[in-house]
Amino acid sequence: MNVEDLLIIYIEVSIAIAGFSGIISALKKQDGSSWQKEDAVSFQFLLTASGFCAVLSAIPMVMTLAGLENIAIWRWSSLCILAVAVFAGGYRTYQFRTTPNFRAALTRVVFMTALILSNVYLAVSWLYVTILTLLLAIIFITFTQLVVKFSSVNEEDV
Numbered sequence: 006m007n008v009e010d011l012l013i014i015y016i017e018v019s020i021a022i023a024g025f026s027g028i029i030s031a032l033k034k035q036d037g038s039s040w041q042k043e044d045a046v047s048f049q050f051l052l053t054a055s056g057f058c059a060v061l062s063a064i065p066m067v068m069t070l071a072g073l074e075n076i077a078i079w080r081w082s083s084l085c086i087l088a089v090a091v092f093a094g095g096y097r098t099y100q101f102r103t104t105p106n107f108r109a110a111l112t113r114v115v116f117m118t119a120l121i122l123s124n125v126y127l128a129v130s131w132l133y134v135t136i137l138t139l140l141l142a143i144i145f146i147t148f149t150q151l152v153v154k155f156s157s158v159n160e161e162d163v
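Under our numbering, the very last position in the sequence shown is 163; numbers go up by exactly one each time.
In structure tokens form, the structure reads like this:
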């Protein structure tokens, strides 16, 4: 399997997770209570990170079509991820500042930023794919946590 095939799969998975987030919204509607700040921030993260993952997976393919060399493709793609990690990741971490998950959110942003900075220097495809894999894992974990939380709340009401 080449990198482009994997990036296409990542686009499809991230869009699917964003689509399935409607399940979380439906489970929350059944609950009838208002969103807690931590849950709302996690849900927003789920949607925005899924969108960013799809876009960041498409960037190297667009650059390949533009005829750039491999080292330029992975360096510029890594700079795009770096911009997302610093601005969006920093903003999400700021939103988590008053929740118990603040340290975990901060640790994720620092770890991902370190990986991305190393790939800005190395400019290799395997590290770029690893970064996107970690992002997808974090998205899936967030999705699972929200589904479990809201489905267990609904089971208690029954």
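Every residue gets a Cβ at the ideal spot worked out from N, C-alpha and C, and that includes glycine. Computed from a predicted model, the values in this text were never measured in an experiment.
C-beta atoms of residue i and residue j nearer than 9 Å
i      : j     : result
Thr98  : Glu43 : no
Ala90  : Ile16 : no
Ser130 : Asn75 : yes
Ala93  : Ala54 : yes
Buried/exposed call for residue i, threshold 16 Cβ in 10 Å
i      : result
Asn7   : exposed
Leu137 : buried
Tyr126 : exposed
Thr147 : buried
Ala23  : buried
Top-ranked residue by Cα proximity to residue i, from the options
i      : options                       : result
Leu141 : Leu61, Gly27, Val46, Ser39    : Leu61
Ile224 : Ala128, Asn75, Val91, Ser47   : The displayed coordinates of the chain run from 6 to 163. Any statement about residue 224 would go beyond what the structure contains.
Thr118 : Val152, Phe101, Arg102, Cys85 : Cys85
Lys154 : Leu11, Val18, Lys33           : Lys33
Arg80  : Leu122, Gly72, Ala109, Arg113 : Leu122
Ala66  : Leu51, Thr53, Ser82           : Just to set this straight, residue 66 is Met in the shown sequence, not Ala. Comparing Cα positions, the closest option is Ser82.
Continuous alpha helix (DSSP H) stretch holding residue i: start and end
i      : result
Arg102 : Careful: Arg102 lies outside any alpha helix (DSSP H) and carries neither H nor E.
Exercise. Mind pulling the alpha helix (DSSP H) runs of 4 or more residues that sit fully within the segment 53 to 111?
Worked result: 75 to 89, 95 to 100
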